[in-house]
Each structure stands twice: as structure tokens, then as C-alpha cells.
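Visitor: What the sequence shown shows, in this note's numbering, is residues 15 to 179, in sequence order.
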Amino acid sequence: MTTLAAVAVTTATFLGMEFVAWFMHKFVLHGPLWFLHRSHHVRHPHHLERNDFFFLFYGALSMLCIIYGSPAKDWRLWVGIGIAAYGTVYFFVHDVLIHGRLRFWRKSGNTYLRALNMAHKMHHKTTGRDGSEEFGMLWVSRRYVALALRKPAPKDRRHISSFNS
């Protein structure tokens, strides 16, 4: 596989994972697997939640693609890398930035990141299986971007990331 093809497959996989994440979140996690995902929508004193086990599925899928695609450096390797890259971004955006599970990044002045945070808060506004909105992770509806543009950035600059615009 050429370098250009490898980059294209990895990029397409990364971008496609946003649709997979949205679809799985809306129709599976808020559907038949709600009994696991529910832990993510309610407050609890634990560091881990049942919802955290979903990373095992995607991690295993990525790992298998990388293992079986590595000897031939075929499409499976690059799909696995795309899934792993999406998972890494998901961890930092969702768990670190939005939910503050690691407390080194508290606020941001970046319009996109603030819009993403607002959209995710709207998703968590309901604690039940039904009634949520905004199921994606990186895609943000225009209305939240517009809201982030209207709402002033945080004034406490001590915790703002280097992603400021």
C-alpha cells in the first residue's frame, strides 16, 4: 500500500469513527446497552463507571486490526491506527476536557472546544435513556458554535489550554 493510500485509509477511518460513535451512542448505548451506559449519565463517587468498558471493544478491534495488518502493512493496519487515533482523541476531548476526569485541563477559550462542551452538557441534561440530544463526539451543531461565539470565554486564564484561538 502506498503512503498516500495508507494516510487516506487512516484518515477515512478516523472520520468514519465519528459516525460510528454517533450511531452507537444514539441507537445502542441509549438503546439495548443502556444498562451499561447509564453509569455515565448519573453522578457517582467512583473513578470508573460501567460505561468505561466500551473502550475495551474499540481497543480490541483496533489491536486486532493492527496485529493482523502489520505483517503485510495492508488496510487492516491503517484501519486499526485510525480507530486508535480516534480513541485517543476521544479520551482527551471527552474524558479529560469535557468531564475533567484528569484535572489538568479545566477551561478553554477556544470557540470550538467551548461549543463541544456546551453540546455535551445538553446531552447530559437528561439522566434517562430518552430525551438526550447531541450524540456525536467531535461534530458540533451550528447552534452551539453560535452560542459559544456569543458567550464570553472564561476570564480565569490560569487553566486555559494552549489550544486558544
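Backbone N, C-alpha and C fix where the C-beta goes; we use that ideal spot for every residue, glycine too.
1. Grouping DSSP H, G and I as helix and E and B as strand, with all else coil, what is W48?
2. Just mark R128 as buried or exposed, buried being the case when its beta carbon has 16 or more other beta carbons within 10 Å.
3. Please report the Cβ distance between W153 and E32, rounded to the nearest whole angstrom; I am assuming they are in contact, meaning their Cβ atoms lie under 8 Å.
4. The alpha helix (DSSP H) that contains N131, what's its start and end?
5. Decide if the stretch 21-30 is in contact with the stretch 38-50; the criterion is three or more beta carbon pairs, one per stretch, under 8 Å apart.
6. Pop quiz: M132 and Y158 are said to be a contact at Cβ under 8 Å. What is the actual Cβ separation, rounded to whole angstroms?
7. For a test of the three-state rule: what should DSSP assign to E32, helix, strand or coil?
8. Would you check if there are 3 or more beta carbon pairs closer than 8 Å linking the stretch 86-95 to the stretch 65-72?
9. Starting from the C-beta of G150, find all residues in its chain whose C-beta is less than 7 Å away, skip the five residues before and the five after it, and write them out in chain order.
10. Can you grab the Cα-Cα spacing for the pair C79 / I95, in whole Å?
11. Can you give the beta carbon distance from E147 to H134, rounded, assuming they're within the 8 Å contact cut?
12. Along the alpha helix (DSSP H) that carries L161, what are the first and last residues, could you check?
13. Just tell me which of T17, T140, T125 has its CA closest to the CA of K165.
14. Helix, strand or coil for M2 per DSSP?
Guide: Inspection of the coordinates gives the following:
1. helix
2. buried
3. 6 Å
4. DSSP places N131 in the uninterrupted alpha helix (DSSP H) bounded by 125-137.
5. no
6. Right, the Cβ-Cβ distance comes to about 5 Å (below 8 Å), so this counts as a contact.
7. helix
8. no
9. Closer than 7 Å at the Cβ level, and outside the excluded window around G150, lie E32, A35, W36.
10. 8 Å
11. Between H134 and E147 the Cβ distance is about 10 Å, and since that is not below 8 Å, they are no contact.
12. 156-164
13. T125
14. Here the chain has residues from 15 to 179 only, and residue 2 is not among them.
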